[in-house]
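Asks:
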Amino acid sequence: MESGSDNLDVMKFINVKGNVENITPHKIAVVAFIREYGLLKIEAKEMIDCTMAPKYRKDFCLLALKLIQCPDMEFKELEALLTDGRYNLLSVHLQNFCVRLQNIYVNGISALMDCVTSAVDKLMIEQTEINTCVVSRCSVLGFYLRRIMLHLDKLTFVQVVSLYKSFCLYYQRGRPGLMMRSLSKEKLNNVEPQVASTSQAFAEDPKSSELSFRMNIIDRDNSFEECQWSRKQAELFTAQQANLLQVNEDKALPPRQLQKTINRIMNDIPEYSDIHFLSFLNCIRMKEFCGAQDSLYNCFDRAVFCVTGNSSACNDRNKSFRYAALNRAAMHTKFGHNSLAMESVREALATAQEAADGSCAAHAAAWGALAGGRARRAALLARVPRAPRPAAAAAQLMAQHTAVNCVRPAEVFQILTKGDSINYLHAMTDLTMAGLANTAALWSLYGKTEMASVACQLLLNLNTKCNIGVGSVWHNTMALATAGAGALCAAAWRGDAALARALAAAARAPPARLVAARERARAALLAGKWEEAEQNIKQLASYDRWQSQLLKAEMFYLKGDATEALESIHDILDYCKTEDDSLHYMSLRLKAMILMSQVQHTFSSMQSTNIMLLNEALSLAKKYHLHYLAATAEMHIANVQLNMGCAKNALILVRKVLPSIMAHGSAYDMARALLLYTKCRIATAPTSGEARLQVIQSCCETLESVKKNFTKVGAQARLLQTWYLQAQLYNAMGNHAARNQCAFVYRQLETQNPVEPTNNLFIMY
């Protein structure tokens, strides 16, 4: 115990530097800026009927607060900030400020000390009926001026000399005199009568050039830097950037620039642990595992040992340990290291239970639910937390868990609604957005694409504006990116190519890029452009390996290579047997089974096996409540029945399923469903007579909608098949003019966009 106490005392001694204000040239310039404004305000008050315009007072206060809180800037940046017109500043104020800086530069250390001490003495005088203080001692400016003066008084003479040298170099690297020349010479309109400048603009003094030459040859003491970060500036910067990384990553500093600033803060304040956590977040953002791990360990190493020697030191240290384990679990989950993540989850749960920290336990359970298997997820989420945020997050995870475990959709959405009510009650914008994104994903999973599109539009139109620092930003999280991807998917689903291209061009987040790559590959497949399709499928593989594998199998099938198609499908089915815990594994498995049935139906004469496979897919789809995939499987069963000669049964099944396809299907699915319906009606039509002519005429009208939808999605081969079938129907009716028109369009399309002829189209669904 004694050695532990000694270690704490040593750390307290080491951390003394962290509480000392770094006096830098920028801070001296800020003090001069505040001083000259205060003196100008005093002069205005002493004159009769003189007031300073409110716009100047307001902008000065805003600018002074910005200069106090922001990191140190070079003199060029300060000049640009004062003169670019963003703030309404008095010309005489800027002139006096330039004169004051020139006075410090020329007259030496005494002028520097006088600038700080006179600012406190003249601006913060005792309040009387006659004299009113310009700056209150308890105001933001008062605290800042007193803190600078206090720490300046603590400097040794050598340190003051080093500070003055640094100020001279800071001033030289700017553009001395340029700001003076750029100031407007027009009359001042803010004071009546005019307030004259307390000092005249300086004339060029030969002594200044001589002093500048002397300062350039003096070796600079490294104990002072032109731009050093104070503890409060670093804390503000860390809080703002961490918030932006969580709320809107695009508004945060670029990763390279942010890491460069982080390194500077680490160099200036090495004991500040939170900056290492910001570095951890930046590395997570760039998917850099080694840097994230090192930053996380550095952060919590400093947090553990930088505790005070009071009675709560042990509890603080335990808190650091358990939250270190929690963040380590989050890191490994982000990188897909599920086994390592579960080790950290167990450690965090154990330490949280020891300290009775329900919040840490709830968050650890949530990360364990993401990293663990199906049974582990159910066990962890069964411990419903009481805190609002963990409770809402757990509700969303529980909804996802139940959705992939055969629970009825009504119960799934009931769980999700409970979480949404907590989000709305406590105004948790990020979780509200995540709830809408989950709602859209669940509707899409169940095959209700219109409801999914509505949820995406609600999320995209949600007012997510929030204030960070002095500005405001909109939330731009992964949930919003998912909504954008959903809107892109809906546009491509409906065959709106122009809108899909516009959304794809604006897509930056991985979900939107994934959907854009998938839709490009699918469009190339429908158009029969195999090289382009193969290239897009390879690009899709970097986002989603198994979606790309499914499209590859479809490409081989359409090209007529049954062996390669079956090999790709078997890879997908093997993956689904082993990895049955992802949110899309069942839909992926069903799509692979349906595609395998198409391959068997086209290239095999054993239709009984094909029917069994489709019935198994239909049973699984109904078990997991995947309604649209169930409808798709039934359409394939009807197609097999039609080709086996059971046209009446096929027609009955198609009529049953067609409303679901027309309500929620894509333009391509609606077109081929209507085409199958047309084939079934022709096969079951009377052999002759007026009734047959009426059926054929109705089928020709239906084929117009089929052609329209195939044209939307660019399915060239299927479009040619439809024109060919329509020409045959018109020929059977005896309408030779319409037949010839269809034949002409068919030949023209075939000449403009030649496709490889295939006999598979006539038996495909």
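Under our numbering, think of the first position of the sequence shown as 13, with each following residue one higher.
For glycine and all other residues, C-beta sits at the position ideal for the given N, C-alpha and C.
Judging by CA-CA distance, which residue of Lys660, Leu625, Ile664, Met656 is the nearest neighbour of alanine 645?
Replies: Translated into the one-based positions of the sequence shown, residue 645 becomes position 633. The residue with the shortest Cα to Cα distance from alanine 645 is Leu625.
Asks: Just to confirm before moving on: does the CB-CB distance between tyrosine 742 and cysteine 711 stay below 8 Å?
Replies: Taking the first residue of the sequence shown as position 1, residue 742 is located at position 730. Taking the first residue of the sequence shown as position 1, residue 711 is located at position 699. No, these two residues do not count as a Cβ contact at 8 Å.
Asks: Give me, in chain order, the residues of the same chain whose beta-carbon lies closer than 6 Å to that of alanine 491; leave out the 5 immediate sequence neighbours on both sides.
Replies: As a position in the sequence shown, residue 491 is number 479, starting the count at 1. Taken in chain order, the residues that qualify are Met445, Ala446, Ala449.
Asks: Which first and last residues belong to the alpha helix (DSSP H) in which asparagine 747 is found?
Replies: What you label residue 747 is simply residue 735 of the sequence shown in a count that begins at 1. Premise fails: asparagine 747 is in no alpha helix (DSSP H) and is neither H nor E.
Asks: Is it buried or exposed, proline 37, if we count other Cβ atoms within 10 angstroms and call 16 or more buried?
Replies: Taking the first residue of the sequence shown as 1, we reach residue 37 at position 25. That one is buried.
Asks: Going by DSSP, name the residue or residues bridged to cysteine 4.
Replies: With the chain represented from 13 up to 777, any question about residue 4 goes unanswered, as that position is not in the structure.
Asks: Taking only the alpha-carbon atoms, compute the straight-line gap between threonine 210 and glycine 496 and give it to the nearest angstrom.
Replies: Translated into the one-based positions of the sequence shown, residue 210 becomes position 198. Translated into the one-based positions of the sequence shown, residue 496 becomes position 484. Below a pLDDT of 50, predicted positions are generally treated as unreliable, and threonine 210, at 36, falls in that range; no measurement from the model is reported.
Asks: For tyrosine 640, count the other beta carbons within 10 Å of its own beta carbon; 16 or more makes it buried, fewer makes it exposed. Which is it?
Replies: Taking the sequence shown and counting its residues from 1, the one referred to as residue 640 is at position 628. By the 10 Å Cβ count, tyrosine 640 comes out buried.
Asks: What three-state label does DSSP hand asparagine 260 in the structure shown?
Replies: Looking up residue 260 in the sequence shown gives position 248. Strand, per DSSP.
Asks: Going straight from the alpha carbon of alanine 467 to that of lysine 263, what length do you get?
Replies: The residue you call residue 467 lines up with position 455 of the sequence shown. The residue you call residue 263 lines up with position 251 of the sequence shown. Cα to Cα, alanine 467 sits roughly 26 Å from lysine 263.
Asks: Cα separation between phenylalanine 155 and aspartate 84?
Replies: Here residue 155 refers to the residue found at position 143 when the sequence shown is read from its first residue. Here residue 84 refers to the residue found at position 72 when the sequence shown is read from its first residue. So the two alpha carbons sit approximately 18 Å from each other.
Asks: Using C-beta distances below 7 Å, list every residue in its chain close to leucine 670, excluding the 5 sequence neighbours before and after it, in chain order.
Replies: Here residue 670 corresponds to residue number 658 of the sequence shown, with the count starting at 1. Closer than 7 Å at the Cβ level, and outside the excluded window around leucine 670, lie Ala685, Tyr689.
Asks: Can you find the residues in the same chain that come closer than 6 Å, C-beta to C-beta, to alanine 407, ignoring five residues on each side of it along the sequence?
Replies: As a first step, residue 407 is located in the sequence shown; it is residue number 395 there, counting from the start. Excluding positions up to five away in sequence, the list reads Ile427, Lys430, Gly431.
Asks: Start and end of the alpha helix (DSSP H) containing arginine 297?
Replies: Taking the first residue of the sequence shown as 1, we reach residue 297 at position 285. It spans 286-297 - the alpha helix (DSSP H) in which arginine 297 sits, taken as one unbroken run.
Asks: Report the rounded CA-to-CA distance for asparagine 350 versus leucine 308, giving the unit in angstroms.
Replies: Translated into positions along the sequence shown, residue 350 becomes position 338. Translated into positions along the sequence shown, residue 308 becomes position 296. Each residue's Cα considered, the two are about 18 Å apart.
Asks: Nearest-angstrom Cα distance between glutamine 212 and leucine 124?
Replies: Position 200 of the sequence shown, counted from the start, is the residue given in the question as residue 212. Position 112 of the sequence shown, counted from the start, is the residue given in the question as residue 124. Unreliable positioning characterises glutamine 212 in this predicted model, as indicated by a pLDDT of 38, which lies under 50. The coordinate reading is nonetheless provided below. Roughly 19 Å separates the two Cα atoms.
Asks: Thinking cysteine 372 and leucine 409 are a contact (beta carbons under 8 Å), I'd like their distance in whole angstroms, please.
Replies: Along the sequence shown, read from residue 1 onward, the residue named residue 372 stands at position 360. Along the sequence shown, read from residue 1 onward, the residue named residue 409 stands at position 397. Incorrect: roughly 17 Å between the Cβ atoms, too far for contact.
Asks: Just to confirm my understanding: we take alanine 811, look at its own chain, exclude 5 residues before and 5 after, and list those with CB closer than 7 Å. What are they?
Replies: No statement about residue 811 is possible, as the shown extent of the chain runs from 13 to 777 and does not include it.
Asks: Less than 8 Å between the CB atoms is what I'm expecting for serine 580 and lysine 603, so what's the real figure, rounded?
Replies: Translated into the one-based positions of the sequence shown, residue 580 becomes position 568. Translated into the one-based positions of the sequence shown, residue 603 becomes position 591. With a Cβ gap of about 12 Å, serine 580 and lysine 603 do not count as contacting.
Asks: With DSSP collapsed to three states, give me the class of tyrosine 555.
Replies: Walking along the sequence shown from the start, residue 555 turns up at place 543. Here tyrosine 555 sits in coil by DSSP.
Asks: Rounded to whole angstroms, what's the CA-CA distance from glutamate 423 to asparagine 417? Just pull it up for me.
Replies: Walking along the sequence shown from the start, residue 423 turns up at place 411. Walking along the sequence shown from the start, residue 417 turns up at place 405. Rounded to the nearest angstrom, the two C-alpha atoms are 12 Å apart.
Asks: On a CA-only basis, which of Ala683, Ile281, Met598 is nearest leucine 724? Give me that one, please.
Replies: Residue numbering aside, residue 724 sits at position 712 when the sequence shown is read from its first letter. Reading off the sequence, residue 724 comes out as lysine, not leucine. When each option's Cα is compared against that of lysine 724, the closest is Ala683.
Asks: Between the C-alpha atoms of alanine 739 and serine 631, what's the straight-line distance to the nearest angstrom?
Replies: Working through the sequence shown from its first residue, we reach residue 739 at position 727. Working through the sequence shown from its first residue, we reach residue 631 at position 619. Looking at the two C-alpha atoms, the distance is approximately 39 Å.
Asks: In the structure shown, what three-state DSSP assignment does aspartate 217 receive?
Replies: As a working note, residue 217 is residue 205 in the sequence shown. Residue confidence for aspartate 217 is low, a pLDDT of 46 falling below 50, so the modelled location carries little weight; the figure read from the coordinates is stated next. In the structure shown, aspartate 217 sits in coil (DSSP, three-state: anything other than H, G, I, E or B).
Asks: Quick check: asparagine 622 and glutamine 612, are their CB atoms within less than 8 Å of each other?
Replies: As a first step, residue 622 must be located in the sequence shown, where it is residue number 610. As a first step, residue 612 must be located in the sequence shown, where it is residue number 600. Yes.
Asks: Applying the criterion that 16 or more other CB atoms from any shown protein chain within 10 Å of the CB defines a buried residue, is glycine 97 buried or exposed?
Replies: Locating residue 97 in the sequence shown gives position 85, counting from the first residue. Glycine 97 is exposed by the Cβ-count criterion.
Asks: Within its chain, find whatever has a CB closer than 7 Å to the CB of threonine 441; leave out the 5 residues flanking it on each side and keep chain order.
Replies: Numbered from its first residue, the sequence shown carries residue 441 at position 429. Closer than 7 Å at Cβ, skipping near neighbours: Thr476, Cys478, His487.
Asks: Any heavy atom of the ligand MG closer than 7 Å to the beta-carbon of cysteine 82?
Replies: The ligand MG is not part of the structure shown, which contains no ligands of any sort.
Asks: Considering only the beta carbon of each residue, do isoleucine 116 and lysine 39 sit closer than 8 Å?
Replies: Locating residue 116 in the sequence shown gives position 104, counting from the first residue. Locating residue 39 in the sequence shown gives position 27, counting from the first residue. Not closer than 8 Å, so no.
Asks: Against chain D, does alanine 415 count as a neighbour if the rule is that its beta carbon must be under 8 Å from one of theirs?
Replies: The question asks about chain D, but that chain is absent: this structure has only one protein chain.
Asks: Count the other CB atoms within 10 Å of the CB of asparagine 234; is the residue buried (16 or more) or exposed (fewer)?
Replies: Numbered from its first residue, the sequence shown carries residue 234 at position 222. Residue confidence is low: asparagine 234 scores 41 on pLDDT, short of 50, so the model does not pin down where it sits. Its coordinate-derived value is still stated next. Under this definition asparagine 234 is an exposed residue.
Asks: Helix, strand or coil for tyrosine 436? Go by DSSP, reduced to three states.
Replies: As a first step, residue 436 must be located in the sequence shown, where it is residue number 424. Helix.
Asks: In angstroms with no decimal places, state the Cα-to-Cα distance between alanine 749 and proline 766.
Replies: Here residue 749 refers to the residue found at position 737 of the sequence shown. Here residue 766 refers to the residue found at position 754 of the sequence shown. Roughly 25 Å separates the two Cα atoms.
Asks: Rounded to the nearest angstrom, what separates alanine 643 and leucine 538 at their Cα positions?
Replies: Walking along the sequence shown from the start, residue 643 turns up at place 631. Walking along the sequence shown from the start, residue 538 turns up at place 526. Straight-line Cα distance between these residues: approximately 21 Å.
Asks: When you compare the CB positions of alanine 7 and tyrosine 284, do they come within less than 8 Å of one another, or not?
Replies: In the structure as shown, the chain starts at 13 and stops at 777, and residue 7 therefore has no counterpart that could be examined.
Asks: Would you report the Cα separation of proline 698 and alanine 553, rounded to the nearest angstrom?
Replies: Here residue 698 is taken as the residue at index 686 of the sequence shown, counted from 1. Here residue 553 is taken as the residue at index 541 of the sequence shown, counted from 1. Distance between the alpha carbons of proline 698 and alanine 553 is about 50 Å.
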